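Data block below; observations after.
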Amino acid sequence: MPVAGFSVGHDVTVTVVNPLTGAIITFGNITDFESQEETKNVESTPLSAPPAFGEIPHGWRLAFTVDRVDPTVDDFFAALEQAYWSGINIPGGTVMEYIQEKNGPVTQYTYVGVAFKLDNAGAKRSQDKVTMKVAARASQRIKVV
2 MPVAGFSVGH DVTVTVVNPL TGAIITFGNI TDFESQEETK NVESTPLSAP PAFGEIPHGW
62 RLAFTVDRVD PTVDDFFAAL EQAYWSGINI PGGTVMEYIQ EKNGPVTQYT YVGVAFKLDN
122 AGAKRSQDKV TMKVAARASQ RIKVV
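Numbering (this note's numbering), first residue to last: 2 to 146.
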């Protein structure tokens, strides 16, 4: 639940829909999720008027930090790689973000057309947890009503 009216990370749940199988998967212990809108800027600089500016939506960048608790992330990316080298078309995936709001309801956003990338499979050290980094690009973010 929110604290003092603020949304905190504990209020957010993120799941992934496997683009190859349609199955919903959870990436271990997600400790960080970041989404950032991308835009393309347009501008006009008339000779006798102030400049005009606009921003055109151009997808979303997503980033996950995951503490490895099982082989789910490794298996997911191994399957994507195997599909690619087997000549299988890999469609865009889906990421679902759920936010518990302070007044009770849950807000849901769905990111579609998602291309996933394993940025870092994690360092394996004697007495440390393995922390993985996953990046993604989404075509669009849609609010689920």
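Cβ coordinates follow ideal geometry from the N, Cα and C atoms, glycine included.
Nothing here was measured: the structure is a model prediction, and the numbers come from that model.
Quick one: is residue i buried, meaning 16 or more other Cβ sit within 10 Å of its Cβ, or exposed?
i	result
tyrosine 85	exposed
valine 96	buried
phenylalanine 54	exposed
glycine 105	exposed
In angstroms with no decimal places, state the Cα-to-Cα distance between residue i and residue j.
i	j	result
lysine 103	valine 4	8 Å
asparagine 30	valine 15	10 Å
valine 18	leucine 48	50 Å
glycine 88	glycine 23	19 Å
threonine 27	histidine 59	26 Å
arginine 142	tryptophan 61	7 Å
phenylalanine 117	threonine 46	38 Å
phenylalanine 7	glutamate 35	17 Å
phenylalanine 77	threonine 132	16 Å
leucine 81	leucine 119	11 Å
proline 1	glutamate 56	Within the shown structure, residues of the chain are numbered from 2 to 146, placing residue 1 beyond reach of any answer.
aspartate 75	glutamine 128	20 Å
valine 115	alanine 79	17 Å
threonine 40	lysine 130	36 Å
glutamate 38	threonine 32	21 Å
Our contact map puts residue i next to residue j with C-beta atoms below 8 Å; I'd like the distance itself, whole angstroms only.
i	j	result
arginine 69	glycine 123	6 Å
lysine 125	threonine 66	16 Å between Cβ atoms; not a contact.
tyrosine 112	alanine 139	4 Å
isoleucine 91	leucine 21	7 Å
valine 13	glutamate 98	7 Å
tyrosine 110	valine 145	7 Å
Jot down the residue ranges of each uninterrupted beta strand (DSSP E) in the stretch 75-133, minimum 3 residues, whole runs only, in chain order. 94-101 and 107-121
Within the stretch 27-74, ranges of the beta strand (DSSP E) (whole runs, at least 3 residues): With a minimum length of 3 residues, the continuous beta strand (DSSP E) runs that stay inside the stretch 27-74 are 30-45 and 53-68.
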